[in-house]
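Here is the structure we will look at.
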Amino acid sequence: MRDYQLKNDVEILSHEIAFKRFYQMEIYRLRYRLFNGGWSETVTRDIANTGQVSAVLPYDPLRNKVVLIEQFRAGTLADKKSPWMLEIVAGLQEINEDKAVLAGRELKEETNLETTTLMPICRYWESPGASNKQVDLYCGLIDSSHAGGIQGVAHEHEDIRVHVLDAEESFQLVRDGFINNSLSIIALQWLELNLDRMRRYTPAQ
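All residue numbers for the sequence shown refer to our numbering, where the first residue is 688 and numbers rise by one.
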């Protein structure tokens, strides 16, 4: 599987930036090698360049708690019930910024918590048919005993409510469809699969 490579099996004919603000929209005209050995016709693809993301699931193994955040998300305005979302911590990487450093910084800004151990979960493409966004996903061991309140960075217009949940309660929210964003679903399903192992850690390890 994945025998074809970018260097020899994709021909980029043109590339332009159609729109640029916080994110940018890029237009590619290209051809790619087909599975039968031939080449595709020239196709045009619109790709949203939305930056790279680091995300972290805060987990307290001593209390078996997860910390989730709730905030308004304009991208979910089509949800007629509520555009507020329950999710894990995440932030956009700046140029040449270390991914793990970003995860720790966002954890502090969005929850006022710090992690002593940051464990990689996976790296994945969020929506490769339309976006170049890659996500570096972590689990951060934390002490949840003082977690809560309203957090966020004022000049970034963040208004974040912090929730502390039993791990099993968070897993059930995924099963019920209440937690319905990919970052959080992937992280919480990973935690559920690895819960016995994770509970043996302490935040100081």
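We treat Cβ as the ideally placed atom computed from N, Cα and C, and that holds for glycine. As the structure is a computational prediction, the values presented were derived from the model and not from experiment.
| field | At least three beta-carbon pairs within less than 8 Å, the region 773 to 792 to the region 824 to 841 | value | yes
| request: Would you kindly report the start and end of the unbroken alpha helix (DSSP H) that includes Glu796? | output: 786 to 798
| field | Neighbourhood of Val753 by C-beta, 6 Å cutoff - its chain only, sequence neighbours within 5 removed | value | Result list for Val753: Tyr746, Leu852, Ala854, Ser857, in chain order.
| query | Does DSSP put Leu894 in a helix, a strand or coil? | reply | Shown here, the chain extends from 688 to 892; a query on residue 894 therefore has no answer.
| field | Cutoff 6 Å; reference Gln739; Cβ partners in own chain excluding five residues on either side | value | Gln780, Gln821
| request: Select from His842, Arg716, Tyr888, Leu860 the residue whose C-alpha is nearest the C-alpha of Leu755. | output: For the residues His842, Arg716, Tyr888, Leu860, the minimum Cα distance to Leu755 belongs to Leu860.
| said: Which runs of the alpha helix (DSSP H) at least 4 residues long sit entirely within the region 832 to 878? Give them in chain order. | reply: The qualifying runs are 854 to 862.
| task | Could you name the residues of the same chain whose beta carbon sits closer than 7 Å to that of Val776, not counting the 5 residues immediately before and after it, in chain order? | result | Ala742, Val743, Pro745, Ile756, Glu793, Leu794, Glu797, Thr798
| request: Can you say whether Thr889 is buried or exposed, counting buried as having 16 or more other CB atoms within 10 angstroms of its CB? | output: exposed
| query | Any idea what DSSP makes of Leu779, helix, strand or coil? | reply | strand
| field | Nearest-angstrom Cα separation, counted from Gly835 out to Glu845 | value | 15 Å
| Would you report the Cα separation of Arg810 and Gln692, rounded to the nearest angstrom? | 19 Å
| message | Based on DSSP bridge pairs, tell me the residues matched to Phe706. | response | Met712
| task | Give the secondary structure of Met806 by DSSP, where H, G and I count as helix, E and B as strand, and everything else as coil. | result | strand
| query | What residue does the alpha helix (DSSP H) around Asp696 start on, and which one ends it? | reply | 693 to 696
| Mapping DSSP to helix, strand and coil, what is Ala761? | Taken through DSSP and simplified to helix, strand or coil, Ala761 comes out as helix.
| For the candidate residues Arg862, His842, Tyr719, Ser832, whose alpha-carbon lies nearest to that of His850? | In terms of CA proximity to His850, Ser832 leads the group Arg862, His842, Tyr719, Ser832.
| message | Please state the DSSP three-state secondary structure of Asp632. | response | No statement about residue 632 is possible, as the shown extent of the chain runs from 688 to 892 and does not include it.
| request: With DSSP collapsed to three states, give me the class of Arg636. | output: For the chain, the structure presents residues 688 to 892; residue 636 sits outside this window and is missing.
| Assumed close pair Tyr710, Asn736 - CB separation to whole angstroms, cut-off 8 Å | 6 Å
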